[in-house]
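Anchor point for the sequence shown: position 365 equals 414 in our numbering, and the numbering is continuous, going up by one each time. Even for Gly, the Cβ is constructed at its ideal location relative to N, Cα and C. These notes are about the structure you will find just below.
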Amino acid sequence: MAKQPVALTSGSVARGMLLFAVPIFFSNLFQQLYNAVDSLIVGNFLGGEALAAVSSSGSLIFLLTGFVNGVSLGAGVLIARHFGAKDSEALSRTVHTTVALGLAAGAALTLIGVVLTPQILRWMGTPDDVIGNSIIYFRIYFIGSIPVVLYNVGASILQSVGDSRSPMCYLIAASLLNVVLDLLFIGGFYMGVGSAALATILSQTLSATLAFRKLCRSKEAYGVRWRQVRFHGPTLRAVVVQGVPSGIQNSVISLANVIVQANINSFGAQAMAGCGAYSKVEGFAFLPVTCFAMALATFVSQNIGAGQLDRVRKGTRFGIVTSAALAEVIGIGIFTLAPFLIGMFNGEADVIAFGVQQARTASLFYCLLAFSHCCAGILRGMGRPVVPMMIMLAVWCVLRIIYITVTLYFIPHIGVIFWAYPLTWFISSALFCWYLLRTPLPSPEKGAPAGH
């Protein structure tokens, strides 16, 4: 018998949020594990230059996929709001419009990624000894854009109606497949870095297939009927209004990270490999950040739709405190174990030194990162996605780039880049705190998104 979605609009706030957030945590854990496996296997079987090509991929991939994923998150807020309000007709229209948007976006990403990858890598200043492998990896990855996007769309739909267990199971299956394929392609057949990307897209195809199999079999209003997949005008506008600010936020922040990566690239292949290895380790610190930010957006949106504003207040307090505490515990662990963790990816002394330096600069400030992301999730759930977009663009993009550009001119040391992150996390946290303290919760009527 299929398990029912977690009830977020009734019962214990803490229990409901934890039952919803914990599967998201494990989903993100396995997502991070199979991202790390690519780097672990490539670094140990193919060497430092191949590791640099794969490990530096995150910022560019997220630049091109971040917009689509942000729009999916925005659509998820709408779906959660309609689900909480028990508006079956609006719920079905939003689901089918979101799927249509995902298909179109996946096709566009395939074309853009395959065509523009070499030029973007050159803009990033990718060294000549790395760029060949990077082009191969990125192009193969973006050929599989449609299943990557569709999994995120399917997972967003399921999580928005309180089912975070199913996406977790699908991602675990994909992660295990990815490990097997990586070992087979690279460790067994010595196929090179392109096979790591091939393993990833085959694994994502499995998770997307499983997610849509469940949605297509569902008899609920959020079930997918392929003949109904189309753009519904007013609903599409509502998805755009809610989702595009999050998409812009993701993409422009990713663009800033690409610029940061270009600055890291200027310090050579060892810096790229070391910082790339750290980024995989850092991804584990993001787990409580991501799971509670997503849980808060869904929790807030469903309860506003159901008119349960007192639950919204209790849930936001619980989510922020729990996420920040967990992130800080993980940060202390990474600070302590940094040499061992970075050394797992590559044993070269210079690679380890760069990775450890970045880890020990940022890891004790993860609580600030968690606070900012949770506040952004709360505001998205309240139907105010423009506010986190503006704060994060101004601070994590514009201010971060200005700081790095100006400070590197006077102090040409890679540590300048590493300090950009905790400094901008602190500023964004202060701005979010100020805004939320002076902003009342919307009423269910005022909180309803356009097109409701």
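message = Rounded to whole angstroms, what is the Cα-Cα separation between residue 495 and residue 381?
response = Model confidence at residue 495 stands at a pLDDT of 44, short of 50, so the residue's coordinates are unreliable; what they give is reported in the following sentence. Put simply, the backbone Cα of residue 495 is about 42 Å away from that of residue 381.
request  = Would you check if the distance between the CB atom of residue 117 and the CB atom of residue 165 is smaller than 9 Å?
outcome  = The answer is no: Cβ separation not under 9 Å.
ask   = Of the choices 467, 130, 441, 333, whose alpha-carbon is the least far from that of residue 479?
value = Residue 479 has its Cα closest to that of 441, out of 467, 130, 441, 333.
Residue 470 vs residue 405 beta-carbon contact at 9 Å = No, these two residues do not count as a Cβ contact at 9 Å.
key: Three-state secondary structure (DSSP) of residue 273   = Coil.
message = Closer than 8 Å to a non-hydrogen atom of the ligand GDP - does that hold for the CB of residue 485?
response = The ligand GDP is absent from the structure shown, which contains no ligands of any kind.
query = Is residue 196 closer than 9 Å to residue 155 when the C-beta atoms are compared?
reply = Their beta carbons are under 9 Å apart, which means residue 155 touches residue 196 by this criterion.
request  = Count the other C-beta atoms from every protein chain shown that fall within 10 angstroms of the C-beta of residue 177, then say buried if there are 16 or more, exposed otherwise.
outcome  = When all chains shown are included, residue 177 counts as exposed.
inquiry  = Am I right that residue 250 and residue 169 are in contact with their C-beta atoms under 8 Å? What's the rounded C-beta distance?
reply    = Contact flag wrong, Cβ pair sits at about 19 Å.
request  = Verify whether the separation of the beta carbon atoms of residue 247 and residue 223 is less than 9 Å.
outcome  = Result no, Cβ atoms of residue 247 and residue 223 do not sit closer than 9 Å.
query = To the nearest whole angstrom, what separates the beta carbons of residue 334 and residue 297, a pair I think is in contact under 8 Å?
reply = That belief does not hold up - the Cβ atoms of residue 334 and residue 297 are roughly 25 Å apart, past 8 Å.
ask   = Tell me which same chain residues have a C-beta within less than 7 Å of the C-beta of residue 184, skipping the five on either side of it?
value = Contacts found: 166, 167, 170.
query = Which residues in the same chain have their Cβ closer than 6 Å to the Cβ of residue 461, if we skip the five residues on either side of it in sequence?
reply = Non-local C-beta neighbours of residue 461 in its own chain, meaning closer than 6 Å and more than five positions away in sequence, are absent.
ask   = Which one of 346, 409, 396, 419 has the shortest CA to CA distance from residue 373?
value = Considering only alpha carbons, the answer is 419.
request  = Go to residue 324, then tell me how far its alpha helix (DSSP H) extends in each direction, as first and last residue.
outcome  = Looking at the DSSP string, the run of the alpha helix (DSSP H) that includes residue 324 is 318 to 354.
request  = Determine the direct distance from the alpha carbon of residue 388 to that of residue 402, and round the result to whole angstroms.
outcome  = The straight-line gap from Cα to Cα measures roughly 8 Å.
key: Pairwise C-alpha distance: residue 235 and residue 94   = Those two C-alpha atoms are separated by around 7 Å.
request  = Quick one: using the 10 Å Cβ neighbour count with 16 as the cut-off for buried, is residue 500 buried or exposed?
outcome  = Because the pLDDT of residue 500 is 38, which lies under 50, any placement of that residue in the model is unreliable, and the number read from its coordinates should be weighed accordingly. Its Cβ being crowded by 16 or more others within 10 Å, residue 500 is buried.
task = Give, in chain order, every unbroken run of the alpha helix (DSSP H) that is at least 4 residues long and sits entirely within the segment 186 to 247.
result = Here the runs fully enclosed are 194 to 209, 214 to 231.
task = Compute the distance between the beta-carbons of residue 427 and residue 368, then report whether it is under 9 Å.
result = Yes, they are a contact pair.
ask   = Nearest to residue 115 by CA position, among 400, 332, 293, is which residue?
value = The alpha carbon of residue 115 has as its nearest neighbour, out of 400, 332, 293, the alpha carbon of 293.
key: Short Cβ contact (9 Å threshold) for residue 119 with residue 346   = Remark: C-beta atoms of residue 119 and residue 346 do not approach each other more closely than 9 Å.
key: Three-state secondary structure (DSSP) of residue 500   = Confidence is the limiting factor: at residue 500 the pLDDT is only 38, short of 50, which leaves the residue's position unreliable and the question unanswerable from this model.
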